[in-house]
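J.: Read in the numbering used here, the sequence shown has 89 at position 85, and its numbers run on one by one without any break.
I'd like to ask some things about the structure below.
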Amino acid sequence: MAHRTVSRVEAEDEFAFIDSDEELEAFLEQVAPHIGWIVVYFNSLEDHIGDFIRQLILRDPYQDERLEVFLSDMMYAAKSRALLHLYGQVIADTSVKVTLEELRELEQLLNECAIRRNEYAHADWIGVRKEGFLRVKSQSKKTGVVHRYKRVDLEQLKEDVAFIRAARHTLVDFDDVIQGQLWERAR
């Protein structure tokens, strides 16, 4: 079971708490380095997005610094959306050989990175339950509050680290293709 959405009452009945602080700390010591890598690679991905926005908008160090005023206040989702829209304009207005389908795939990849990172960054790590279940999201709905639990294990953590690391490389490769074709066209 990767994810399970339950009410607070169902969670209390189904997911027993870890028995001791020592057991909790042992679990957290195992997973913490991998969570750290998720944050490291995700932050690097977000930095690349900002860099590529600057490259697509302007190429003046003074203006880059002024653009940082806006980028520094933008969250990941807004930066990602802005970059994808800029790429879309390049694809629509120039003769680059990148398709809108490839852009949609990149969008899905960047969105999935955010989902995976957020589950770890906003999880209730101190409230982890036996067998590695932890609350990764709570939502208020008309029928009450529901909680989404995820079972976390080292293999899944390692896969998520690798996924976000690979996404960074995919984004860099995508930008290299766009920039290369734009600069080749400008010559």
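Even glycine gets a Cβ: it sits at the ideal position worked out from N, Cα and C.
So the candidates are Val73, Gln112 and Glu123; which of them puts its Cα closest to the Cα of Gln160?
T.: By 1-based counting over the sequence shown, the position of residue 160 is 156. For the residues Val73, Gln112 and Glu123, the minimum Cα distance to Gln160 belongs to Glu123.
J.: Quick check: what's the CA-CA separation for Met5 versus Gly40?
T.: On the sequence shown, position 1 is the one that residue 5 refers to. On the sequence shown, position 36 is the one that residue 40 refers to. Any answer about Met5 is weak, because its pLDDT of 46 lies below 50 and its placement is not dependable; what the coordinates show is given next. Distance between the alpha carbons of Met5 and Gly40: 24 Å.
J.: Between Ile53 and Ser84, which are expected to be in contact by the criterion C-beta below 8 Å, what is the C-beta distance as a whole number of angstroms?
T.: Here residue 53 refers to the residue found at position 49 when the sequence shown is read from its first residue. Here residue 84 refers to the residue found at position 80 when the sequence shown is read from its first residue. Ile53 to Ser84, Cβ: 6 Å. Contact.
J.: Runs of 3 residues minimum, wholly inside the region 118-188: which ones carry the beta strand (DSSP E) assignment?
T.: 137-145 and 148-155
J.: Which value, in whole angstroms, describes the spacing of the CA atoms of Gln112 and Val94?
T.: In the sequence shown, counting from the first residue as 1, residue 112 sits at position 108. In the sequence shown, counting from the first residue as 1, residue 94 sits at position 90. Whole-angstrom Cα-Cα distance: 19 Å.
J.: Please state the DSSP three-state secondary structure of Ala190.
T.: Locating residue 190 in the sequence shown gives position 186, where the first residue counts as 1. Caution is warranted here: a pLDDT of 49 is assigned to Ala190, below 50, making its placement in the model unreliable, and no coordinate value can be reported.
J.: Over the uninterrupted alpha helix (DSSP H) stretch that includes Ile42, give me the two end residues.
T.: Position 38 of the sequence shown, counted from the first residue, corresponds to residue 42. Where Ile42 is concerned, the enclosing alpha helix (DSSP H) stretches over Asp25 to Ile61.
J.: Which value, in whole angstroms, describes the spacing of the CA atoms of Thr174 and Phe56?
T.: Taking the sequence shown and counting its residues from 1, the one referred to as residue 174 is at position 170. Taking the sequence shown and counting its residues from 1, the one referred to as residue 56 is at position 52. For Thr174 and Phe56, the distance between alpha carbons rounds to 13 Å.
J.: Using three-state DSSP, classify Phe21 as helix, strand or coil.
T.: The residue given as residue 21 occupies position 17 in the sequence shown. It is a strand residue.
J.: Looking at C-alpha atoms only, which residue of Leu107, Tyr153 and Ala30 is the closest neighbour of Asp128?
T.: Indexing the sequence shown from 1 puts residue 128 at position 124. For the residues Leu107, Tyr153 and Ala30, the minimum Cα distance to Asp128 belongs to Tyr153.
J.: Can you grab the Cα-Cα spacing for the pair Glu105 / Glu188, in whole Å?
T.: Translated into positions along the sequence shown, residue 105 becomes position 101. Translated into positions along the sequence shown, residue 188 becomes position 184. Using only the alpha carbons, I get a separation of about 22 Å.
J.: Helix or strand or just coil, what does DSSP make of Asp77?
T.: Along the sequence shown, read from residue 1 onward, the residue named residue 77 stands at position 73. Coil.
J.: So Ile61 and Cys117 are in contact, right, with Cβ under 8 Å, and what is the actual spacing, rounded?
T.: Residue mapping note: residue 61 aligns to position 57 of the sequence shown, counting from 1. Residue mapping note: residue 117 aligns to position 113 of the sequence shown, counting from 1. Not quite, the Cβ-Cβ distance comes to about 23 Å (not below 8 Å), so this is no contact.
J.: I need the straight-line Cα distance from Leu107 to Ile22, nearest angstrom please.
T.: Position 103 of the sequence shown, counting from 1, holds the residue named residue 107. Position 18 of the sequence shown, counting from 1, holds the residue named residue 22. Leu107 and Ile22: Cα-Cα distance of roughly 44 Å.
J.: To the nearest angstrom, report how far apart Asp177 and Ala166 are at their CA atoms.
T.: Numbered from its first residue, the sequence shown carries residue 177 at position 173. Numbered from its first residue, the sequence shown carries residue 166 at position 162. Those two C-alpha atoms are separated by around 16 Å.
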